[in-house]
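Peer 1:
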Amino acid sequence: MSIEAFSDDKYMSMLALGSFPRNVADFKDSQVLLQQIMYVDYELQSLLYHDFGGLLLSKISPSTCDEKIFDKVSQLITFINTIGSSASFQGRRYEEELFYTVVSAHLYNLNSEPEKVHNILEQFRFDQTNRSVTIAQQEFIAYLTARYFVMSGISSHSSAKHWNQFLVQLQKYGSKNSTAANLWITKIFQNVLSHLSADGASPLTFRDLLSQEFSDNANAFVGVCNYAMRPESAKYIAKEFRPDYAEFLTELLRGKIKQHVDFPDASSDNGALEEFVESLYGTLNEISDDRKIMNKLLPPKLSKSFLLNSFEKSYQSRVVLSNYIQTLIDLKEFDEALAAFKTYCSYVQMEQGQLGGNVTNILEVIDVYSTCMSHFNPARSIASDIKATKMRFKYNSVETVVNVLEASKTKLLMYLDIFANVAGLTYDEGVSEVSGNDLSFLYHRYNPTLFSGESSMLVKIISKAWYSIGEYTQYLATYACPNIERMSVNVNATRQYYKNALVVNPTGNVKYLTSYALALAHGNLLKSAARLCKFILKRYPDSFKIWNLLVLITSATEQQSALSDENPESDHISFLEHPENGNGNGKEQKHLSDSEKFAEDALNIAGIFIKKNNSTGASLDADIKHAILQLKMTQFAVLESKHGVEYVLEQIVEVFALFQELFSDVDIIGKDDKSAAKDDAADLENKRSGRWSHRPSVIDPVKDLKKAIKEKSSVADHLPKLSLSSFESGGRLKEKHAHKDVMTAQKNRNGASNDQKEGARILQRLYLWAASIYLKIELFDEAEQCIVEAETVAPPNVETFTFLGLLTSQSREFLSLQEFERSLESLDSSEQTFSKSTYCLTLLGMCKLLIKDNDKSNSLFVSKKDFHAGLMRLKNYLEAFSASYPYGYNCSELWYYLSIIYETFDDKQLCSEALWRCVELEKCRPVRSYQSCEDLN
């Protein structure tokens, strides 16, 4: 924000943003006119915010209003009238008189005196020749003008005339810095739609709106139309409005593309073009947070063509470039978007140099930086997943992207600091009494002079900026830390940045709340995490990730309590000796634990949620379906911890039944897959009976494969059949024990939609989860069946390779090692380097295989020296992975195996440190990893 030398510009900038100085209460006794009016407006806004739910056009009724509120309004009216009759008012400036007029009118409107509102507004005369000197003055007057016309319309019998007059003259929907102006302009949009449609009684067609006088002003017209596209405006428009408007918008932009305009020189003004671009995209971006909805109105390809054409008609326009970057991101053209972002940064830096370090429209700058930091984050832009196959950078490496993001992070933090000074925002460091309290934003209002709601552009942009920085430091902590010390710095920074996002926007974004709760849980701050989860669920009861997280946190708390209880009967570990009920004392539990209750309640809510969506015909997002399935698996993990593994065996089929209910419309496997499955199954058997080399430099000894351990007949007789065919209609059966080749699977799924691919991947993970349960009790045949089913429903991948390694580790060590090495090779590739959860499981499988290699007659190593060399390589793997947060650093098994290796090499200090870290993690270990609460991809 450009802060000129004029003394009042700082205050005007604050007011245009919708904020007040922190010391505004002291202005009551000020002799400065602007400060006196500012104090009255602050008291008025505070009253509306706290006592009227933030409704700006509220009115009090003497018969129903609280007497204290009535007295407060009367006092403010008296105070503002005193200001108007004071000597200082005689020398008022234009903007001060306008400010006084709208605040007085607003007070009379609150006091239900429409005639006085009308009279005081009529006394003011707009000066069409007035030309504000500074940007701050221009933004301030634009805000007051919009507020004036709202008051003028609601106090007049000819309200439509006033609003139409405003829209005819409207030059643009305000820039992102004009937060307050945009708020009041949208009030006019709403009032116009409400008036023309008789408050929704007579829904408008597009032609109805096109026939209005203001339709000749393209900037105002697209603003009103885009406001009509918002969900809250649905009642004002007819069903055919949307397609008609989309067609009009397409023709409008194509017409502007065809208009010939010579390329301007550096001294030319981009005003008219920038005003249209700002009005179009400014209102378009506020339709919804879901970019897909906006892209249906304005296809990204058309948007790109229009903006490219706009470059030819403007000179170094930041407005055009910022929207071009977002359009490229929508098109998944990340390399070009990165290049455009670098150009944008150079424009901003050039302007800073010209303005002595100041930045105009700083909220736009913060928004562009945070958008790019969020979308360019390698965990999102380069990581391989189902949805993002076209999102990856093609010509920029991870290192290049990270270097850009690191520089952007430094700049963004600087811009956030500048903005905090301009808008008067504070965070933890500015409020010492709550600093260090993880949940202080829930009960302490950090910025009492900011009255912007959670839907405000200011709140959205600033909270998104902090969150995007937190996501980036989370990426560094997980994927790019050379040591634990650096990792700890990034982990602490991540929590602080997430918290800063919530300081600005405590309740408006469930994603921010979920990420912070998960960060607290990973840091073993269980009490704070549990409290935050319960707070989130009160506001978002259908957030199943949070339900899952709450169950896991509760199970970790129960683990802590069990281990600290001196009563040996409550020892949590003793259930291993009593698998018949799992509680370690041979007695039936009379009451459900909190974790069991939460899991049961959450699944009941999920059932109602699914039923409600089925009845309305609404489709659930794959992430929601995945979260519900994860919740069900967490319930089984809780039951397993309380009653033993055998208790849940017969209930495994319930998870697959739930999957079929959620993905009933997904065609998992086609009929043509059978023959390929048979051939590949035979090929797999041939490979298993052959000889495997675990390292190219070592020749395998000839040996017979060990026989698999047979299952207990008492359990096997009651095992559910896990084949998906029992749930599918049409009699489509799959061959049991069929292994699909990757190319064959891909050939049969080329035409599959993203939903089908996601369904297949989720089903694959369900089978692997079932396999893990069978492996715990050495039911190897059933585990193998699950793994084969997993390779049938979706192409084999590193997860299936790892589970094959775990399956064969008991009896076919060389084959097991081959599978683990196969997984590690894939995980070290650029496409799989982000699969840290699978990487962890693979490393642990190798540890179990190599460290416990006691069969001297058939060892994996040719000598003791070879064994120590293998352990050293494994130690390097584990130490490097221990700096990955939370996957490695929070894995107790990793530290346990490291302690064994340190003990082997007689490093007592490191052995002790690793063991203590292992014990620390085991004390508060949940029944499942917190990673089960993460997004599907």
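All residue numbers for the sequence shown refer to full-length UniProt numbering, where the first residue is 1 and numbers rise by one.
Glycine is no exception: its CB is placed at the ideal position from the N, C-alpha and C atoms.
It should be emphasised that the depicted structure is a prediction, and the values quoted were computed from it without experimental measurement.
Taking the beta carbon of Q474 as the centre, do at least 16 other beta carbons fall within 10 Å, making it buried, or is it exposed?
Peer 2: Buried, by the Cβ-count rule.
Peer 1: Is any non-hydrogen atom of the ligand NAP found closer than 7 Å to the C-beta of Y647, if you look at the structure I gave you?
Peer 2: What this structure holds is no ligand at all, so the ligand NAP is not there to describe.
Peer 1: Evaluate W184 with the Cβ neighbour count: other Cβ atoms within 10 Å of its Cβ, from every protein chain shown; 16 or more gives buried, anything less gives exposed.
Peer 2: W184 comes out buried.
Peer 1: Is DSSP giving L17 helix, strand or coil here?
Peer 2: Three-state DSSP puts L17 in a helix.
Peer 1: Indicate whether F334 and S381 have their beta-carbon atoms separated by less than 8 Å.
Peer 2: It is a contact, given that the beta carbons lie within the stated cut-off.
Peer 1: Comparing C-alpha positions only, which one of F656, K499, G805, T514 sits nearest to Y767?
Peer 2: For Y767, the nearest C-alpha among the options comes from F656.
Peer 1: By DSSP, does residue 946 sit in helix, in strand, or in coil?
Peer 2: The requested residue 946 is not part of the displayed model; the chain covers only 1 to 937.
Peer 1: Around the Cβ of Y885, are there at least 16 other Cβ atoms within 10 angstroms (buried) or fewer (exposed)?
Peer 2: Under this definition Y885 is a buried residue.
Peer 1: Looking only at its chain, what residues have a beta carbon closer than 6 Å to the beta carbon of I777, apart from the 5 residues adjacent to it on each side?
Peer 2: Answer for I777: V645, listed in chain order.
Peer 1: Label R688 either buried or exposed according to how many other C-beta atoms from any shown protein chain fall within 10 Å of its C-beta, with 16 as the threshold for buried.
Peer 2: Caution applies to R688, whose pLDDT of 39 falls short of 50 and renders its modelled position unreliable; the value that the coordinates give is listed next. Exposed, by the Cβ-count rule.
Peer 1: If we count the other Cβ atoms within 10 Å of its Cβ and call it buried at 16 or more, is V261 buried or exposed?
Peer 2: Exposed: under 16 other Cβ atoms inside 10 Å.
Peer 1: Rounding to the nearest angstrom, what Cα-Cα distance links C933 and A521 in this structure?
Peer 2: Going from the Cα of C933 to the Cα of A521 covers about 11 Å.
Peer 1: Just the C-alpha distance for I386 and D755, rounded to the nearest angstrom, thanks.
Peer 2: Low confidence applies here, because I386 scores a pLDDT of 46, under 50, leaving its location unreliable and the question unanswered by this model.
Peer 1: Which term fits F166, buried or exposed, when burial requires 16 or more other beta carbons within 10 angstroms of its beta carbon?
Peer 2: F166 comes out buried.
Peer 1: Would you mind sorting A677 into buried or exposed? The rule is 16 or more other CB atoms within 10 Å of its CB.
Peer 2: Note that A677 scores a pLDDT of 40, beneath 50, so its modelled location is shaky; the value from the coordinates is reported in the next line. With 16 or more other Cβ atoms within 10 Å, it is buried.
Peer 1: Among L298, G353, Q259, R291, whose alpha-carbon lies nearest the alpha-carbon of N309?
Peer 2: Considering only alpha carbons, the answer is Q259.
Peer 1: When you compare each of E351, G84, E43 to D71 by their alpha carbons, which one comes out closest?
Peer 2: Measuring from the Cα of D71, the nearest candidate turns out to be E43.
Peer 1: Who pairs with L450 in a beta bridge, going by DSSP?
Peer 2: Answer by DSSP bridge pairing, in chain order: S19.
Peer 1: Span of the alpha helix (DSSP H) holding L76?
Peer 2: From DSSP, the alpha helix (DSSP H) with L76 extends over 67-84.
Peer 1: Provide the residue span of the alpha helix (DSSP H) that contains E821, from first to last.
Peer 2: Segment 813-827, the alpha helix (DSSP H) holding E821.
Peer 1: With L603 and Q635 assumed to form a contact (beta carbons below 8 Å), what rounded beta-carbon distance in angstroms separates them?
Peer 2: That belief holds up - the Cβ atoms of L603 and Q635 are roughly 6 Å apart, short of 8 Å.
Peer 1: With distances taken between CB atoms, is the gap from F89 to L33 smaller than 8 Å?
Peer 2: Contact flag set, yes.
Peer 1: Sort A869, I773, V510, G470 by Cα distance to N492 and report the nearest one.
Peer 2: The option with the nearest alpha carbon to N492 is G470.
Peer 1: Answer with buried or exposed for M350, where buried requires no fewer than 16 other C-beta atoms within 10 angstroms of its C-beta.
Peer 2: Label assigned to M350: exposed.
Peer 1: Spatial neighbours of L518 within its chain, please: CB distance less than 7 Å, with the 5 preceding and 5 following residues excluded, ordered by chain position.
Peer 2: Contacts found: L549, Y930, C933.
Peer 1: Report, in whole angstroms, the separation of the C-beta atoms of F881 and L894, which I expect to be a contact under 8 Å.
Peer 2: Right, their Cβ atoms sit about 7 Å apart.
Peer 1: Measuring straight from C-alpha to C-alpha, what distance separates A234 and A228?
Peer 2: Straight-line Cα distance between these residues: approximately 7 Å.
Peer 1: I'd like the list of long-range same chain contacts for E813, defined as Cβ closer than 7 Å, with 5 residues on each side in sequence excluded.
Peer 2: So the qualifying residues of the chain are L849, L860.
Peer 1: Can you tell me the Cα-Cα spacing of H195 and E429, whole angstroms?
Peer 2: Each residue's alpha carbon lies about 48 Å from the other.
Peer 1: Are the beta-carbon atoms belonging to S564 and K464 less than 8 Å from one another?
Peer 2: Going by C-beta atoms, S564 is not nearer than 8 Å to K464.
Peer 1: Return yes when the Cβ of Y498 is within less than 8 Å of the Cβ of Y479, no when it is not.
Peer 2: No, the Cβ-Cβ distance between Y479 and Y498 is not below 8 Å.
Peer 1: Roughly how many angstroms separate the alpha carbons of Q36 and L252, rounded to a whole number?
Peer 2: Whole-angstrom Cα-Cα distance: 47 Å.
Peer 1: What are the partner residues of I237, as DSSP defines its beta bridges?
Peer 2: DSSP, once it has assigned bridges, lists L204 as partnering I237.
Peer 1: Relative to the C-alpha of I628, which candidate in H643, E654, R207, A337 has its C-alpha closest?
Peer 2: The option with the nearest alpha carbon to I628 is E654.
Peer 1: Please state whether the Cβ-Cβ distance between T808 and L824 is less than 8 Å.
Peer 2: Contact flag unset, no.
Peer 1: From this set, T179, E286, E879, which residue's C-alpha is nearest L363's C-alpha?
Peer 2: Cα-wise, what sits closest to L363 is T179.
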